[in-house]
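Before any comments, here is the structure.
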Amino acid sequence: MRVDVVWLAALALTLPAVSRCDPLFVLTAPNLLRLGTREKVFVEAQEYTGQPLEVEILVKDFPAKVTEILSKSVTLSDGNNFQAVQEILVGAQAMSIALRALSSATASD
């Protein structure tokens, strides 16, 4: 019974967004990015039929989200069905960038 209530609540919360017929923008990425490992990021614009979209994928330090570690861009167009997979690689230099950002954030506290 409890599971039915949860599913019903989830459905009720998503219906307004789906029923507006607006484009739905989706980004799928790993929860954890590992240094030196190639990861794939998927972006999509569902139900979109307009001009090509330039999408910028940013990786920032965590938890502050102040310093940009990596930036990639892809173009979503009718030719690729408004979806793309971008491969990213967070190199070892990202660790030093993140550590510098973390040390400056803790120094200002």
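Numbering (full-length UniProt numbering), first residue to last: 1 to 109.
Ideal Cβ positions, reconstructed from N, Cα and C, are used throughout, including at glycine.
Determine the extent of the beta strand (DSSP E) in which glutamine 51 is found, giving its start and end residues.
Unbroken run through glutamine 51: none, as it is neither H nor E.
From Ser103, Leu89, Val85, pick the residue whose C-alpha is nearest to that of glutamate 44; which is it?
Val85
Alpha-carbon to alpha-carbon, glycine 91 and proline 63:
18 Å
For the beta strand (DSSP E) that serine 71 lies in, which residues bound it at each end?
68 to 76
Endpoints, the beta strand (DSSP E) within which alanine 84 is located:
83 to 89
Nearest to arginine 38 by CA position, among Leu89, Gln93, Ser103, Thr49, is which residue?
Leu89
Quick one, are the C-beta atoms of serine 73 and proline 52 less than 8 Å apart?
no
CB of isoleucine 69 within 8 Å of CB of valine 55, strictly
No, the Cβ-Cβ distance between isoleucine 69 and valine 55 is not below 8 Å.
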